[in-house]
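**Student:** First to last, the protein sequences are chains A and B.
Note that my numbering has the first sequence beginning at 888, numbered continuously upward.
Note that my numbering has the second sequence beginning at 888, numbered continuously upward.
First the structure, which I've put down as structure tokens, then a few questions once you've had a look.
2 protein chains.
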Amino acid sequence: MSAERELPRFRPPHPGEYIRDDILPSLEMTITDLAEHLGVSRASLSELVNGNRSLSIEMAQRLGQAFGNGTRFWVQLQMQRDIWDAEKNSGIKIKLLRQRSGKAA
Amino acid sequence: MSAERELPRFRPPHPGEYIRDDILPSLEMTITDLAEHLGVSRASLSELVNGNRSLSIEMAQRLGQAFGNGTRFWVQLQMQRDIWDAEKNSGIKIKLLRQRSGKAA
DNA sequence: GACTCGTGTAACGTGACGCTTGACGCGTAA
DNA sequence: TTACGCGTCAAGCGTCACGTTACACGAGTC
């Protein structure tokens with residue numbers, strides 16, 4: 888009874904929202920600018936920023952280097968959203984397997 | 888100077904190793920047994936256990952439900968390894984973008 | 001009006017990868 | 001030898017991030 892963290896009440900924000908709302912304004916950059924700086928296509932970054940695509944590990948690396956907050960930050964952002972979606976939308980129901988820790992009823 | 892966590896010195900273990908070394912023995916189950924319980928094919932679980940495949944979100948859900956430690960645990964296991972690999976093997980070098988926080992040299 | 005930017009998005013091809021199915025090799029018991 | 005359980009491999013499929021190219025729209029500017 889420990890590893891089960893509660894699901895957030897609301898769907899975690901897409902990494903792209905963060906880029907759009909916080910990063911780009913504070914850097915005074917356009918999507919086109921940032922895409923060029925990151926070495927990705929404009930279309931690719933645009934779709935990411937608009938939430939139409941999820942973050943790859945490689946994209947997370949680029950963002951982490953560009954903004955100085957590391958790969959992990961971005962991957963976790965995406966991960967939280969992925970987990971939320973998975974828990975919400977799936978009908979997977981697997982029965983709990985009891986580890987044999989001595990006391991077997 | 889905060890979000891940059893250090894990379895582990897050694898490659899984080901593959902989730903499959905954990906299943907093979909700890910879970911399966913303590914449950915006294917075979918790969919075939921567990922695959923059936925999880926509702927996936929033998930081959931799929933076999934490749935996972937042997938480190939030839941990484942964990943999908945859906946597989947993480949199944950494992951999390953079966954072992955009672957939640958989806959997040961398994962996804963994080965995989966994430967740590969993915970990040971480690973990405974940092975080690977990639978030649979990506981993006982210049983840091985300075986946020987304009989008042990003091991501009 | 002025409003021109004330039006910045007943007008969103010669709011179509012196409014590509015490569016990566018998780019998954020299933022079917023077949024194979026190996027060990028063990030009848 | 002035959003039969004069975006187990007693990008693994010190979011082929012095929014679907015999904016998806018990505019680049020490229022192209023088009024359409026709005027806001028400025030001339």
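Where is the CB? At the ideal position from N, CA and C, for every residue including glycine.
Only a predicted model underlies this, so the values are computations on that prediction, with no experimental measurement involved.
If we define contact as Cβ-Cβ less than 7 Å, is THR919/A a contact residue for chain B?
**Tutor:** For THR919/A, the answer is no, since every Cβ of chain B falls outside 7 Å of its Cβ.
**Student:** So, with DSSP's three-state summary, where would you put ALA960/A?
**Tutor:** Position check: residue 960/A holds Phe in this sequence, whereas Ala was assumed. PHE960/A falls in the helix class under three-state DSSP.
**Student:** Does the beta carbon of PHE954/B fall short of 6 Å from some heavy atom of the ligand ATP?
**Tutor:** This structure lacks the ligand ATP; in fact it carries no ligand of any kind.
**Student:** Below 7 Å CB to CB, which residues in the same chain sit around ALA953/A once its five sequence neighbours on both sides are set aside?
**Tutor:** So the qualifying residues of the chain are HIS924, LEU925.
**Student:** So, ARG907/B versus VAL936/B, is the Cβ gap smaller than 7 Å?
**Tutor:** Going by C-beta atoms, ARG907/B is nearer than 7 Å to VAL936/B.
**Student:** What are the boundary residues of the alpha helix (DSSP H) that includes PRO926/B?
**Tutor:** Residue 926/B is actually Gly in this sequence, not Pro. Unbroken run through GLY926/B: none, as it is neither H nor E.
**Student:** Is it true that the segment 971 to 981 of chain A meets the segment 900 to 919 of chain A, where meeting means three or more beta-carbon pairs spaced less than 8 Å apart?
**Tutor:** Cβ pair count under 8 Å is below three, so no.
**Student:** Mind checking THR917/A: buried by the 16 CB within 10 Å criterion, or exposed?
**Tutor:** Exposed is the call here.
**Student:** Counting only beta-carbon atoms, is SER928/A nearer than 7 Å to chain B?
**Tutor:** By this cut-off, SER928/A is not an interface position.
**Student:** Measure the alpha-carbon distance for GLY1019/A versus ARG968/A and round it to whole angstroms.
**Tutor:** Missing from the structure shown is residue 1019/A; chain A here goes from 888 to 992 and no further.
**Student:** Does DSSP put THR917/A in a helix, in a strand, or in coil?
**Tutor:** Note: THR917/A maps to coil in three-state DSSP.
**Student:** Can you list, in chain order, the residues of its chain whose CB lies under 6 Å from that of GLY951/A, leaving out five sequence neighbours each side?
**Tutor:** So the list reads GLY957, THR958, TRP961, once near-sequence residues are dropped.
**Student:** Work out the CA separation of ALA930/B and ASP909/B for me, nearest whole Å.
**Tutor:** Approximately 20 Å, taken between the alpha carbons.
**Student:** How would you label ARG949/B, buried or exposed, when you count the other beta carbons within 10 angstroms and need 16 or more for buried?
**Tutor:** It counts as buried.
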